[in-house]
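Have a look at the structure below before the remarks.
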Amino acid sequence: PQNIEQEISNDEVWNRFALTILAKFKSIEYLTS
333 PQNIEQEISN
343 DEVWNRFALT
353 ILAKFKSIEY
363 LTS
């Protein structure tokens with residue numbers, strides 16, 4: 333059970349990280365265009 337909770341936590345962290353990178357990439361793309 334503890335491992336499953338850890339995996340869910342990691343997925344949540346990864347999702348937030350991916351969204352942050354995507355937002356930064358889009359903002360940079362917007363500024364350069």
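The opening residue of the sequence shown carries number 333 in the working numbering; numbering runs sequentially from there.
Beta carbons are placed, not taken as given, at the ideal position from N, Cα and C, and that holds for glycine.
Predicted, not measured: the structure shown is a model, and the values here were computed from it.
Beta carbon of Phe357: closer than 7 Å to some heavy atom of the ligand NAP?
For the ligand NAP, the structure offers nothing, since it holds no ligand at all.
Alpha-carbon spacing of Thr364 relative to Asp343, whole angstroms
31 Å
Over the uninterrupted alpha helix (DSSP H) stretch that includes Ser341, give me the two end residues.
334-364
Spatial neighbours of Arg348 within its chain, please: C-beta separation below 7 Å, excluding the five flanking residues on both sides.
none
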